Structure formats: C-alpha cells, structure tokens
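All remarks here apply to the structure that follows.
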Ligand SMILES: Cc1cc2nc3c(=O)[nH]c(=O)nc-3n(C[C@H](O)[C@H](O)[C@H](O)COP(=O)(O)OP(=O)(O)OC[C@H]3O[C@@H](n4cnc5c(N)ncnc54)[C@H](O)[C@@H]3O)c2cc1C
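Numbering (the working numbering), first residue to last: 302 to 799.
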C-alpha cells in the first residue's frame, strides 16, 4: 500500500524554536500543509537568548522580513563582535569579531604575515587588523557599499529581545495559517508497530494528531526524550558550566555594538545592549560557586539599575544522540544545549529548520534522509562544541580552581589536533561547511594566547619594509573608514525611521 504524503505537522512548544519553526514551515511549505503548534502559557519559555550570529540574516531574509521592521519589533541593536574580558588572565581582553581580519596574499592567509611581523615586533594586536573590531571599539556602525572600496562591508548580527522575536515569529506564522493550541501536553500516543508518534494527548483530554512531530519543548525534550528515547549525551566534562542567572538592567550610556563576555571566578558574565535595556547573565559551574555567590557577583557588576529579580536557570551541556527519530525531529533546547558563549543556539535552531526543509519527507519518511539529517547535525554540533571548549581550555588564570580545572581537563582529540596544528605552523584545519571560519578560529586561538611557533614559508617573501607597510596600510584604512561611520545608536535610529 502506498504511504500517504506527509502534510500534517505538529510542533510541540512555542518558545523561540517552536515559533521560528512554525514561521519557516508556513513560509516554505505553504497552505497545502496543516501546521499546528501546541504550547502552554502556564509552563512558559526559557526567556533568554539575546545574541545572534550573522547567519540570522539568512533566516529573516528567507521569511521576507524587512530589517527596519525587525529592529523596531524586537528592540534590536547591532552586534559586530564579542569582547572577551579577563578570559586569558585578569586585565587581558580580545575580540572575536565577525568578518575578515586583514587580507591574505595569494594562497597565504593574513595571520601568517601578522605572525611574522609580530615576531619582528612590527605588528599591533591582531584585532587592529579587523575592520569589524576597529568599528566595534569606536562604537560605530553603518551599512556601507563594500564594492566602492577596497575594504569590505562590516559583517554584523543582532542583539534582540528573545520574547519579542518569538512574538514576531508567532504573528508571522499565524498570518500564514499556523493553528495555535494552548494547553499542557500530558502525554503522547505512539503506533504499536512502528513506534512513531500518532498524537499528543493534552492534560485536559484533547488529542492533537499529526504525521510529523517537531519537539520544541525546551530542556524537557518531551517527545524526543520521553517518547522516542533518544539519549542525552552529557558534555559537561568539556563544557562544565551548568547554571545561569539572568537579569535585565537599565541601559547604560555606552551603547556598544558588541556583546561583552567577562570571565568570572567560576564562569563568565554576558552583557548585551538592547534598545530598551541591557541583558545580563552569569553562567557558572555549581561545583565551584554557590547560587548566592553567583547572584551577588552578577548584581555587583551591572552597569545600570536592575529591572527585575534575577532569574535562575539550570542546564546540562550536551546533545541528543539522534536529533530525528521515527517521525520526531528535535529543535532548540530539546535537541541539546551547549553554552551561550558564542551565541550559537538560535543559529542551531535555524540550521535545524533549514536541514529539515532540505530533507522534508514526501510519502513516508526515508531512513536515508533521516540518517543524513542526523549525520549533518552531529557534525555541526561537535564542531561548535570544540570551538566553545577552546575558550575554557586555553586560559592562564592560574589559581582560580575552576579555570585550573578547565586547563587540565581532557578535550576531544578533534580539538587537541587543531590546537597542535596551529601551535606548530599557524595552520587552521577547518572541515567543509563548518560554522566558524578560519578567522574565527584564528582570533580565538591567538586571543586565548595560543601563538604558533612558525608561519607559512611564503609569508617570508615580502621584504620587512613591505610587510610593515602592508600591515600599516590595512590598519590605517580600517581606522580611517571607521572614523567616518556614525555612532551605532544614531545609525539605528536612522535605520528604523527609514
Ligand atoms: C542562560 C542561557 C542563555 C542563552 N543565551 C543565548 C544567546 O545569547 N543566543 C542564543 O542564540 N541562544 C541563547 N540561549 C538559548 C536560547 O534561549 C534557546 O535556544 C531558545 O530560546 C530556544 O528555546 P526553546 O524554544 O527550545 O525552549 P523554550 O523557550 O524553553 O520553549 C519551550 C516551549 O515548550 C513548551 N512546553 C514545554 N513543555 C510543555 C508541555 N508539557 N505542554 C505544552 N507546552 C510545553 C513551553 O511552554 C514553551 O513554549 C540561551 C540559553 C540559556 C539557558
């Protein structure tokens, strides 16, 4: 008997993940599909998640959302970089900025020239050769036309109010026919033969039937865990923070176009400027710090008056062993959680949605499609995981018990190999389609104090004079061009008024 075409999709959970999925499926599948989203007002959402990476543009553009509308609906600001304060040791700072750093010559990436100039004491800090970092440090931003200049455009993402973004996604999805069911999911029905999900059973007795189920129930992982039994792989041996405390505060005068990540004795603190407030949070490891100490450290380091009571959150870093099992696909926190450190969670939601659309079933689910979806997801999660571990592992905060433990913790061989290669010859190994670019890896390796012993031999070709002239031209060009940009707040105001 021919299998029926899959046209009925049920999304369990209405946080950022659930409503992003609903919006994208409604946009790309169209009205021939019946999409239902079930969420519980009583349970609520995790309510954090304010920093993004530039890939968010693809998602918004795919939905046809205008930037000006998005900026005012979500109280968003511009993010050019993350500043890491005190991560290597107290008093030290560096940035992981988006976009290029310097300019490679021929086949040799820029950082090899920088390494040679640095060894000759002719180079400034690596960040001086990043246009994004130069603009971020001067608090400036504008969209410019990179074609008219040798210097490319700034590469940017956003900071936004996650609740307002989810609300925007909800409006978008409902306007395109997504049906919202409010209430608590009490259980589920599965097919006794295949084990596939058939329906969600609501606590009040209603049933919500479907053919494909998307689990966006957050840390609970109600469907992917309880129903489909996909194990949770615990990564806390590599990413040991397991708690966070979040609090918004009044926005300060300094309206920075970047996220700040400040190391603390057993974790780190984020500071994220939005238009209407500043988001703050302290991520920490409960084996090294009590909840009271964490809250006190956060409240002592706000740059404005708190606007709410601090909100505690608990998590275990890790991922689902399989993200798609039977007819259930996990997205968002139901799929796993690493760290908010490089703002990758919302990106992982978006990447999971894009992957689901690529492998979307026709008549019945092909195991080969599902396996490929899982393989690609595991690859993406593990390469992001390694990038995050690097920040913790490569530190010189001697004497802080938490940081001492991070320095000596065993790390995945994939990361150990990357560090060894970079240390030996300055080369960055990057797998095909990996999220973080060569520049991202280089900035964080150098930023965290991993300085290669050698550089590419071809970087020896320019004369010493030509090399320092090349570096100075880049640096001065970025400085000149940044100085001509408007202040970030002024530009935002203009963008929204346009
Ligand atoms: C401390 C912290 C900081 C973070 N910072 C960032 C960041 O800066 N950038 C970033 O990209 N990401 C960040 N994240 C991650 C980000 O918050 C999440 O990826 C994003 O909010 C998606 O969450 P979610 O929708 O999967 O889950 P949730 O927001 O928890 O939503 C779960 C939904 O499921 C529903 N639900 C659950 N159980 C039931 C039930 N039984 N019946 C009915 N409904 C149910 C809930 O009502 C809710 O609607 C952060 C996360 C944490 C913990």
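Each residue gets a CB set at the ideal place from its N, CA and C atoms; glycine is no exception.
This one's a predicted model, so the numbers in the text were calculated from it and none came from an experiment.
#1: Got a sec: is the Cβ-Cβ distance from residue 394 to anything in chain B below 9 Å?
#2: Just how far apart, CA to CA, sit residue 726 and residue 432?
#3: Excluding five sequence neighbours on each side, which residues of the same chain lie with their C-beta closer than 8 Å to the C-beta of residue 603?
#4: For residue 322, I'd like the list of residues in its chain whose CB is within less than 7 Å of its CB, leaving aside the five on either flank, ordered along the chain.
#5: Just grab the DSSP bridge partners of residue 487 for me.
#6: My assumption, with CB atoms under 8 Å, is that residue 619 sits in contact with residue 533. Please give the rounded CB distance.
#7: What does residue 516 pair with, by DSSP beta-bridge criteria?
#8: On the three-state DSSP scale, how would you describe residue 786?
#9: Below 8 Å, is the gap between the Cβ of residue 573 and the nearest heavy atom of ligand 1?
#10: Would you kindly check if the distance between the Cβ of residue 460 and the Cβ of residue 354 is under 9 Å?
#11: Quick one: Cα of residue 443 to Cα of residue 538, how far?
#12: Report the three-state DSSP secondary structure of residue 707 (helix, strand or coil).
#13: Under DSSP, the beta strand (DSSP E) around residue 745 begins and ends at which residues?
#14: Looking at ligand 1, does it come within less than 8 Å of residue 475, judged from the CB to the closest heavy atom?
#15: Mind checking whether the beta-carbon of residue 718 lies closer than 8 Å to any heavy atom of ligand 1?
#16: Taking only runs of the alpha helix (DSSP H) that begin and end inside the stretch 356-383, which ones reach a length of at least 4 residues, in chain order?
#17: Measuring alpha carbon to alpha carbon, tell me which residue in 365, 704, 414, 308 is nearest residue 755.
#18: Given the structure, does residue 347 come close to ligand 1, in the sense that its CB is under 8 Å from one of the ligand's heavy atoms?
#19: Report the rounded CA-to-CA distance for residue 339 versus residue 536, giving the unit in angstroms.
#20: If we ignore side chains and look at the alpha-carbon of each, how far apart do residue 468 and residue 694 end up?
#21: I believe residue 689 touches residue 640 by the beta-carbon criterion, under 8 Å. Please report the beta-carbon distance rounded to the nearest angstrom.
#22: Which runs of the alpha helix (DSSP H) fall wholly inside the stretch 670-716 and span at least 4 residues, in chain order?
#23: Can you give me the Cβ contacts of residue 480 inside the same chain, cut-off strictly under 6 Å, excluding the 5 residues immediately before and after it?
#24: Do you know how far the Cα of residue 412 is from the Cα of residue 438?
#25: With a Cβ-Cβ cutoff of 9 Å, do residue 478 and residue 507 count as a contact?
#26: Looking only at its chain, what residues have a beta carbon closer than 7 Å to the beta carbon of residue 382, apart from the 5 residues adjacent to it on each side?
#27: By a C-beta neighbour count over all protein chains shown, 10 Å radius and 16 as the cutoff for buried, is residue 759 buried or exposed?
#28: Kindly indicate which residue of 430, 512, 617 has the alpha-carbon position closest to the one of residue 522.
#29: Taking the straight line between their C-alpha atoms, what separation do you get for residue 571 and residue 499?
#30: Which residues in the same chain as residue 306 place their Cβ atom closer than 7 Å to its Cβ, once the five residues preceding and following it in sequence are excluded?
#31: Quick one: Cα of residue 554 to Cα of residue 577, how far?
#32: Assuming residue 562 is part of the beta strand (DSSP E), what are its boundary residues?
#33: State buried or exposed for residue 380, treating a residue as buried only when at least 16 other CB atoms are found within 10 Å of its CB.
#34: Here's the rule I'm using: 16 or more other beta-carbon atoms within 10 Å means buried, otherwise exposed. How should residue 425 be labelled?
Once the coordinates are examined:
#1: Included in the structure is just one protein chain, with no chain B present.
#2: Computed Cα separation, rounded: 25 Å.
#3: 548, 550, 579, 581
#4: 312, 515, 517, 632, 654
#5: DSSP lists no partner for residue 487.
#6: 6 Å
#7: 313, 631
#8: coil
#9: Yes; taking the cut-off as 8 Å, the Cβ of residue 573 has a heavy atom of ligand 1 nearer than that.
#10: no
#11: 42 Å
#12: In this structure, residue 707 counts as helix in the three-state DSSP scheme.
#13: Residue 745 -> not in any beta strand (DSSP E); alpha helix (DSSP H) instead, spanning 739-748.
#14: no
#15: For ligand 1, not one heavy atom lies less than 8 Å from the Cβ of residue 718.
#16: 357-364, 368-375
#17: 414
#18: yes
#19: 30 Å
#20: Cα-Cα distance, rounded: 38 Å.
#21: 5 Å
#22: 702-709
#23: Result list for residue 480: 337, in chain order.
#24: Distance from the CA atom of residue 438 to the CA atom of residue 412, rounded to whole angstroms, is 20 Å.
#25: no
#26: 396, 397, 398, 399, 433, 434, 437, 559
#27: exposed
#28: Per the C-alpha coordinates, the member of 430, 512, 617 positioned closest to residue 522 is 617.
#29: Roughly 42 Å between the two C-alpha positions.
#30: 663, 664
#31: Each residue's alpha carbon lies about 12 Å from the other.
#32: 560-565
#33: Result: buried.
#34: Residue environment: residue 425 is assigned as exposed (fewer than 16 neighbouring CB atoms within 10 Å of its CB, all protein chains considered).
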